[in-house]
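In the working numbering, the protein residues as written are 97 to 719.
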């Protein structure tokens, strides 16, 4: 039996000097309104994964940090182009989740080519992450198209002034070896920086027949973040890269390279006004051998925003604009076509007003113009009421467009003589309407946190692949806006702090999806019921122990080309970690994932992949 309440770590070794300070501090977010604000004032549902939770999680991959959060769907999966996970917010999990935006330090890592995120190939390391902010529900009025289901913002540590060195090494089954190293220092007393590197290697999985099959991964990631603070301003430079070699379905080999650079400038131009400018460039190369494709993708971003408070704090205005140019080229995917390009120009404004002490009104509007989809509006309206301190009610409405990706619009691919894949340049954007009501409150001097949200989403012009004429040879597979879907759901979570070092949590998500075509890939791909509970307790004498358990009801999955469709039964998953810290700078840990069964399936796979039980030992040191 799995207990319904377990223990979760929150602070490190022990209590702070003031054991009740933690309960009195209010969680804050920067992603919800693109400015720092308490989560109770957020116009959208928001969940924050803290640095303490990340450190104590025992996560192996980036997506493990998201697995047990309310409203999330996370699957271990393999795709033919190097994907190793499926992550979605509020349902609709699929190989490429094209209506969920992912940011790293505010930089979009969503691919306009594939219409999704390749999580393993992201050049970000768990050791560098300060926190993750998850926005559930549309925020396209602030972030642009393809942010309909939600926004995930991965925020890395800001380099500090003092020198520091951290190292970590893990060894486990599945031929798993992981190592990580980070250095923090400064140039000339004025330029703090952080440099980090990590390596990961793993191999083999077990098929349903009990055979061992190759599932190799060799991953190298490096990141640099430096800062400079001249004359009251802040300038940050971000550089990084990821080099991955892995086995992909049907025993092919894949090589994937990603590099990026970002410069960000911010300045407090007045006591209640600030300016921020960001520019970024990303380059990716993906190759799957021997018989598939090589794809080159590049993206350039330029953005500026201005924040202004006025009326004695009664009004907050954020406005700005951004330009994005994306290009994808591939001889195998687009044949003789020139590089497929997307150019997007957008302006937006976000307004908050406090007409009464207990009432907050929020409105946001965005207009963007692209060469692929023309003018697209996005807007958001929300009202928050706090009738009693620490208890807030919220209602909201939002419209969010999702632009078709470059692959669906321009592909001209011949995977076999019997089948041709042909893009549709006339695809229309999907349009998501969201209606939501929520409550957030704290009890017992902040020890108990409770949140619940009801939502209804309607998506028009849903795009999907289809066969033009099943009797023709070769078969022509294309894409069209043939469907319409609606989702209804409830999200509820509890967190209870026993002490500043120990807490309990449990969350539950219900979601039901219907569509016009009764497409099982849409209506049953999202588990109707999800329950997560778990955590860690500080045991004293340097010991801590953690556990996270998750339940999913049955669901259906299919790859992007829908060549296979399969239903999966309900299952539980249990991850656990035991750690010992003899001194503050050293930690030794044992951890395991999927501990309830030797293996189980989470996603359809041509090679019969099953998620195995894994375990590893870890040593980390800090100076």
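Cβ atoms here follow ideal geometry from the backbone N, Cα and C, with glycine treated the same way.
Rounded to the nearest whole angstrom, the CA to CA distance from residue 142 to residue 231 is 5 angstroms. Shown here, residue 217 sits in a helix according to DSSP, grouped into three states. Scanning the region 300 to 357 for uninterrupted beta strand (DSSP E) segments of 3 residues or longer gives 313 to 324 and 329 to 344, listed from N- to C-terminal end. By the Cβ criterion, the region 126 to 140 is in contact with the region 473 to 485, since at least three pairs of Cβ atoms, one from each stretch, lie closer than 8 angstroms.
When the alpha-carbon of residue 648 is set against those of 665, 657, 636 and 547, the nearest one is in 665.
Rounded to the nearest angstrom, the gap between the Cα atoms of residue 584 and residue 458 is 24 angstroms. Counting C-beta atoms within 10 angstroms of its own C-beta, residue 406 has fewer than 16 neighbours from the protein chains shown and is therefore classed as exposed. At the C-beta level, residue 577 and residue 524 come within 8 angstroms of one another. The residue from 129, 659, 611 and 592 with its alpha-carbon nearest to that of residue 563 is 659. Linking residue 601 to residue 432 through their CA atoms gives a straight-line distance of about 55 angstroms. Looking from the CA of residue 606, the closest CA among 166, 152, 130 and 148 belongs to 166. In this model, residue 452 and residue 481 are separated by some 9 angstroms (Cα to Cα).
Going by DSSP, residue 261 is part of no alpha helix (DSSP H) but of the beta strand (DSSP E) stretching over 260 to 268. Here the C-alpha atom of residue 217 lies approximately 16 angstroms from the C-alpha atom of residue 311.
Beta-bridge partners of residue 406 (DSSP): 411. Segment contact: the region 502 to 513 against the region 549 to 557, fewer than three CB-CB distances shorter than 8 angstroms; contact not assigned. According to DSSP, residue 157 shares a beta bridge with no other residue. With fewer than 16 other Cβ atoms inside 10 Å of its own Cβ, residue 364 counts as exposed. Under the three-state reduction of DSSP output, residue 283 falls in the strand class.
Secondary structure at residue 700: coil, using DSSP grouped into helix, strand and coil. The region 410 to 424 makes no contact with the region 211 to 226; the number of CB pairs closer than 8 angstroms stays below 3. Sorting 298, 516 and 248 by C-alpha distance to the C-alpha of residue 708 places 298 at the top. Looking at 159, 176 and 203, the one whose alpha-carbon comes closest to that of residue 183 is 159.
In this structure, the alpha-carbon of residue 287 lies about 54 angstroms from that of residue 573. The beta carbon of residue 215 lies closer than 7 angstroms to those of 158, 159, 180, 181 and 183 in the same chain, with the five residues before and after it left out. Bounds of the beta strand (DSSP E) holding residue 687 are 682 to 689. Residue 638 has its alpha-carbon roughly 20 angstroms from the corresponding atom of residue 593.
Taking C-alpha positions only, residue 175 is separated from residue 362 by approximately 39 angstroms. Take residue 343, set aside five residues on each side of it, and the residues of its chain with a beta-carbon closer than 6 angstroms to its own are 310, 311 and 312, in chain order. For residue 430, the enclosing alpha helix (DSSP H) stretches over residues 427 to 430.
Inter-residue distance for residue 178 and residue 402 is about 38 angstroms (C-alpha atoms, whole angstroms).
Here the alpha carbons of residue 630 and residue 127 stand approximately 26 angstroms from one another.
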